[in-house]
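Which chain is which? The protein sequence lines are S and A, in order.
Each residue of the first sequence is one higher than the one before, starting from 1 at the first, in the numbering used here.
Each residue of the second sequence is one higher than the one before, starting from 1001 at the first, in the numbering used here.
2 protein chains.
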Amino acid sequence: MNGAEALIRSAVASGVDVCFANPGTTEMPLVAALDRVRGVRPVLALFEGVCTGAADGYARLSDRPAMTLLHLGPGFANGIANLHNARRARSPLLNVIGDHASWHLAADAPLTSDIVSLANPVSGWVRSVRCAENIAADTVAAIEAALAPPGQVATLIVPADCQWNEAGGVAASARRMAPAAVASDRIERAARALRDGDAALLLGGVALRGAGLRAAARVRAASSARLLHDVFVARLERGADLPAIERLPYFPEQAIASLGNLRSLILAGTREPVSFFGYPNVPSRLAPEACERIELAAPGEDVVGALDALADALGAPRDVPALPRVERPRVPSGALDVATLGQAVAALQPEGAIIVDEAATSGAVWFALAGSAPRHTVLGLTGGAIGQGLPTAVGAAIACPQRKVIALQADGSGMYTAQALWTMARESLDVVVVLCANRAYRILQLEVARAGIAEPGPAARALTELSNPTLDWCALARGMGVPAVRAIDAGSFVKEFSRALADPGPALIEAWL
Amino acid sequence: MNGAEALIRSAVASGVDVCFANPGTTEMPLVAALDRVRGVRPVLALFEGVCTGAADGYARLSDRPAMTLLHLGPGFANGIANLHNARRARSPLLNVIGDHASWHLAADAPLTSDIVSLANPVSGWVRSVRCAENIAADTVAAIEAALAPPGQVATLIVPADCQWNEAGGVAASARRMAPAAVASDRIERAARALRDGDAALLLGGVALRGAGLRAAARVRAASSARLLHDVFVARLERGADLPAIERLPYFPEQAIASLGNLRSLILAGTREPVSFFGYPNVPSRLAPEACERIELAAPGEDVVGALDALADALGAPRDVPALPRVERPRVPSGALDVATLGQAVAALQPEGAIIVDEAATSGAVWFALAGSAPRHTVLGLTGGAIGQGLPTAVGAAIACPQRKVIALQADGSGMYTAQALWTMARESLDVVVVLCANRAYRILQLEVARAGIAEPGPAARALTELSNPTLDWCALARGMGVPAVRAIDAGSFVKEFSRALADPGPALIEAWL
């Protein structure tokens, strides 16, 4: 068995079952090994940012180690933006990067680069394989690192000779560590703060799934605490049978106002909230200076157990309080704008939908309206690196083939990784892309206005408008094998969206805003 | 004057006249400054790899500092692959990256990352601006670094508060250093080797332009030396009125055979040739072990002066020897394949064309046939990071608006940065894209065969074929505003290519191979 086969066999034994790949010459032994070893589905993407974003989406939904296969430094670099998002999402990822044969590195051939320096900013764990005999153990170590709670990006650099040389064999499969329990004094401190009043819980990580939300709802029922989540979440379970919680506003002035009266902020599976960007005369930290920050459970600790213990300490009943009924907006008619678009999606999204939200300014109305729609999952733009939506939808659809994936996608962001559409077509993925075409980097136009520029000049307009020429997303989608239609009013959007939801396989609707 | 304006004014004073930009919130003061200061043309790209590749193409042709404006770590990361190519091309680039306000970095907001670690592998010079007062001097230092012979990538990280705070003013404009002269003992050593026979000159950098090639031809006329260039060149001037030189083969076995009899290899503006990849039982170094390596002029030294001095030392006449006549292949008919495609382009390319060659396996015939076509410039894939062709064509067309740019583009590589088509349309650039559609990563299929796999399995096929679905490049181009047609035989290619050459503005021909 050569090193490549030892790597793939070790990965399979540790739970890897998909490989999001864009390989090159230095990965050819690994490609050949994917043909010799059963158990890994190779998924080709035509750009590495699709691989890494898809792996992130797959990891968020499956909680399995999500593998990528990438080509040297420049290939890896193309995947960095979505690895940045994956790092912020704390997704368990295994990047495998082929490198030049170890003896060829000194030649400084054209594709040689410092891969470690590129990998460090987005990886919690980085290792270069030193010889084929180590490859199995290194692979298992990488997967264990990726799975270590709360999850992280692990990057394994594999010189080509370590792939083609003879290896010892397969290592024992990776162990999955349990999240660390939270000590009782932290539960008691949070309980005291809640009894004092004017407190909020900010939830993140697994606290945003069913068990965590139900435990948090018990805490709320036994206190007057507000329940909050960050603007951008890795994965939020939401909808009728789950307790609803508040989203922090995006712009810092609004977030600061929202948190203005808090005496204490209890952090459960996330970090203290900070402004997305720094602005003149606006603080980085969103909670008031005087507000006490209490870490109930850090990311990677047993946040659900801590929330249940906290509810118990407050004397909350075991039963989750009564929930609001399913309630949807009416199906809209008239003009198509961000309001009617959000209304239509919230009115029609099916039970169990996975909503990948990279709609930016076009998505806020949907988010607000869909809170009491039937049960659904939201995947957000955790790291703010745009170009995450379409790739993440690919990974979500592969992780959950029985569920409908709806990608709410801004046009500006969508152009960074539009190649994901091709992979949707090749793999026949059940994804409906709602392409929100406002023909602008609208968020930047808002920022220009926030900076006090009432009349943007020609440079500011040139750099924030996507018109001239207008993108034709239907042509782009068809060019990559995805059926597409344009909707120019609410009625046609409702009709096309309903049809796309009813049909399996990928479809794109260009919502002309 | 705020820091942003001081930066732009200093850049203009030092020769910057174009900014290839994909800005975000942290660059808004710089965007506003582009409206207050005259002299910089802002060019928007919808993906950062287009910005960096365009800057590279612009720099190769203009020898001016080529500026990019990029958004934080993830935005910069999207530009790394083409910066890798620019680094290998030794192009003078100025990357300006906005970062969070300095006081906001400690908050570790979602988009925060270690930009320096990302920038180092592709930059010869990296600096973070510490305060607005420094910004003008830092900008000039960055441009001087970029222009230092032979040219390099300089990366300036500018926190948002350094952009919006009050700055001192504009610094003195950047000085351009002359290349260092070569000492006479190196000339003499090379002359001795040439007199001994079985010698070759490997030319790179400015040696591949008119004066360098003419000097090298004098050396050849006075000795029996072969004149060679690397497979992938930053910029090669070529065609009828210039001496023809040999290209080293791509695969190492062929290159080793080609160099097998050499007693000495004289390096003029480039490094010793090495294999593009490492293969089992193939050495990294392509020249024989016993062959003497003689560095006549390192990159950044006065290579043209050294070549002329060498010719003088050999007693060569001042006149350049007689040149071959312009000779073109006949316009082909029949089936369209890599042979007839190459024949058609070489037969029809206009005088003064700039050929951006990322055609990979589809481009070799053209390269061989066009050597005695009318004068033209070739821009090659210096770093091997694919996705360089279309962006570089953007930059070439902006640098040389009076010349026709022909992008010979492989389909697999083209998909990495197809967003460049939109910028071609917006800027009405005079680029003809010859999209070589073989619906495969053909080079990888060759590598699979070279690895001894006669019958690729389903994984190897899935990861090297671009069929299922077939990309429709005409739809993709039209979706981004570029007129496009498909050519399915040599006759229709000749007709469409002739028409595109005659019409100004961008056009894409999908050559169906």
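Heads up, the beta-carbon is just placed ideally off N, CA and C, and yes, glycines get one too.
Considering only C-alpha positions, which residue in the set Ala1055/A, Gly1073/A and Pro1324/A is nearest to Val122/S? Counting from one through the first sequence, the residue named residue 122/S turns up at place 122. The residue with the shortest Cα to Cα distance from Val122/S is Gly1073/A.
Can the beta-carbon of Ser91/S be found less than 7 Å from the beta-carbon of Ala141/S? Indexing the first sequence from 1 puts residue 91/S at position 91. Indexing the first sequence from 1 puts residue 141/S at position 141. Against a cut-off of 7 Å, the Cβ pair of Ala141/S and Ser91/S comes out as no contact.
So for Met1/S, helix, strand or coil by DSSP? On the first sequence, residue 1/S is found 1 positions in, with the first residue counted as 1. The answer is coil: DSSP assigns Met1/S none of H, G, I, E or B.
Going along the region 241-264 of chain S in order, which residues come within less than 9 Å of chain A, judged by CB to CB distance? none
Examine the Cβ distances between the region 1169-1184 of chain A and the region 1291-1306 of chain A and report whether three or more of them are shorter than 8 Å. yes
What does Ser1284/A touch in chain S if you count any residue whose Cβ is under 8 Å from its own? For the purposes of this step, residue 1284/A is identified with residue 284 of the second sequence, where counting begins at 1. By Cβ distance, chain S contributes Trp103, His104, Ala106, Ala107 and Ala109.
Selection from Glu1166/A, Met1480/A and Thr1025/A that minimises the alpha carbon distance to Ile1097/A: Locating residue 1097/A in the second sequence gives position 97, where the first residue counts as 1. The shortest C-alpha separation from Ile1097/A is found at Thr1025/A.
Output the distance between the C-alpha atoms of Leu1030/A and Gly457/S, rounded to the nearest integer angstrom. Here residue 1030/A refers to the residue found at position 30 when the second sequence is read from its first residue. Here residue 457/S refers to the residue found at position 457 when the first sequence is read from its first residue. The alpha-carbon atoms of Leu1030/A and Gly457/S are separated by roughly 12 Å.
Give me the Cα-Cα distance between Pro1374/A and Val129/S, rounded to the nearest whole angstrom. Here residue 1374/A is taken as the residue at index 374 of the second sequence, counted from 1. Here residue 129/S is taken as the residue at index 129 of the first sequence, counted from 1. Those two C-alpha atoms are separated by around 50 Å.
What residues from the region 1071-1098 of chain A come within 7 Å of chain S, judged by C-beta to C-beta, listed N to C? Gly1073, Pro1074, Ala1077, Asn1078, Ile1080, Ala1081, His1084 and Arg1088
In the DSSP assignment, find the alpha helix (DSSP H) that holds Gly1098/A and state where it starts and stops. As a first step, residue 1098/A must be located in the second sequence, where it is residue number 98. No alpha helix (DSSP H) holds Gly1098/A; the beta strand (DSSP E) holding it covers Leu1093 to Asp1099.
Could you check whether the Cβ of Asp1357/A sits closer than 7 Å to any Cβ belonging to chain S? For this step, residue 1357/A is matched to residue 357 along the second sequence. No, its Cβ sits nowhere closer than 7 Å to a Cβ of chain S.
Kindly list, in the order they appear in chain S, the residues whose Cβ is closer than 8 Å to that of Tyr1058/A. Stepping through the second sequence from its first residue, residue 1058/A is reached at position 58. Residues of chain S passing the Cβ test: none, with the nearest at roughly 17 Å.
What's the C-alpha gap between Gly994/A and Thr377/S? Outside the displayed span of chain A (1001 to 1513) sits residue 994/A, for which this structure offers no information.
Specify the secondary structure class of Val1282/A as computed by DSSP and reduced to three states. Walking along the second sequence from the start, residue 1282/A turns up at place 282. It is coil, neither helix nor strand.
Rounding to the nearest angstrom, what Cα-Cα distance links Gly239/S and Leu471/S in this structure? The residue given as residue 239/S occupies position 239 in the first sequence. The residue given as residue 471/S occupies position 471 in the first sequence. The straight-line gap from Cα to Cα measures roughly 34 Å.
Ignore the nearest five residues each way along the sequence and tell me which others in Ala1523/A's own chain have a CB closer than 6 Å to its CB. This structure cannot speak to residue 1523/A, because chain A is shown only from 1001 to 1513.
Taking Asn78/S and Gly53/S to be in contact with their CB atoms under 8 Å, please state how far apart those CB atoms are, rounded to whole angstroms. For the purposes of this step, residue 78/S is taken as the residue at position 78 of the first sequence. For the purposes of this step, residue 53/S is taken as the residue at position 53 of the first sequence. Asn78/S to Gly53/S, Cβ: 11 Å. No contact.
The region 424-447 of chain S: which residues have C-beta closer than 9 Å to a C-beta of chain A, in chain order? Ala425, Arg426, Tyr441, Ile443, Leu444 and Glu447
Going by DSSP in three states, Gln445/S sits in which element: helix, strand or coil? The residue labelled residue 445/S in the question sits at position 445 within the first sequence. Helix.
Please name the residue, chosen from Ile386/S, Glu289/S and Met424/S, that lies closest to Gly414/S on a Cα-to-Cα basis. Counting from one through the first sequence, the residue named residue 414/S turns up at place 414. Cα-wise, what sits closest to Gly414/S is Ile386/S.
Proximal residues to Gly1496/A (C-beta, below 6 Å), its chain only, five neighbours per side dropped: In the second sequence, the residue the question calls residue 1496/A occupies position 496. The question names Gly, yet the displayed sequence has Glu at residue 1496/A. These residues qualify, in order along the chain: Val1485, Ala1487 and Ile1509.
List, in order along the chain, the chain A residues whose C-beta lies closer than 7 Å to that of Gly384/S? As a first step, residue 384/S must be located in the first sequence, where it is residue number 384. What Gly384/S touches in chain A: Pro1110 and Leu1111.
Touching by the beta-carbon criterion (3+ pairs, under 8 Å), the region 96-116 of chain S and the region 1276-1284 of chain A: yes
Beta-carbon proximity list for Asp116/S, same chain, < 8 Å, skipping 5 on both sides: Taking the first sequence and counting its residues from 1, one reaches residue 116/S at position 116. Reading off the sequence shown, one finds Val at residue 116/S, where the question assumed Asp. Excluding positions up to five away in sequence, the list reads Val126, Ser128 and Ile157.
Identify, in the order they occur along the chain, each residue of the same chain with its Cβ nearer than 7 Å to the Cβ of Val12/S, setting aside the five sequence neighbours on each side. Position 12 of the first sequence, counted from the start, is the residue given in the question as residue 12/S. Same-chain partners within the cutoff: Val37, Gly39 and Val40.
With DSSP as the reference, label Gln1343/A as helix, strand or coil. On the second sequence, position 343 is the one that residue 1343/A refers to. DSSP places Gln1343/A in helix when its eight states are reduced to three.
Establish whether the CB of Asn2/S and some CB of chain A are separated by less than 7 Å. On the first sequence, position 2 is the one that residue 2/S refers to. It does not; no Cβ of chain A falls within 7 Å.
At what residue ranges does the region 138-179 of chain S contain a whole run of the beta strand (DSSP E), taking only runs of 3 or more? 153-159
Are the C-beta of His229/S and some C-beta of chain A separated by less than 7 Å? Position 229 of the first sequence, counted from the start, is the residue given in the question as residue 229/S. So, not an interface residue.
Excluding the 5 residues flanking Ala148/S on each side, which residues of the same chain have their C-beta closer than 7 Å to its C-beta? Walking along the first sequence from the start, residue 148/S turns up at place 148. Once the five neighbours on either side are set aside, the close Cβ partners of Ala148/S are Met177.
Continuous beta strand (DSSP E) stretch holding Val485/S: start and end: By 1-based counting over the first sequence, the position of residue 485/S is 485. Unbroken beta strand (DSSP E) run through Val485/S: Ala484 to Ala487.
Residue burial classification, Arg330/S (beta-carbon count within 10 angstroms, cutoff 16): Counting from one through the first sequence, the residue named residue 330/S turns up at place 330. By the 10 Å Cβ count, Arg330/S comes out exposed.
Could you check if Asn1548/A is buried or exposed, using at least 16 other CB atoms within 10 Å of its CB as the buried criterion? Residue 1548/A lies beyond the residue range present for chain A, which begins at 1001 and ends at 1513; the question has no answer from this structure.
Going along chain S, which residues have a C-beta under 7 Å from Arg1478/A? To locate residue 1478/A, count along the second sequence from 1; it is residue 478. By Cβ distance, chain S contributes Asp472 and Ala475.
Chain A contacts made by the region 129-154 of chain S, where a contact means CB separation under 7 Å: none
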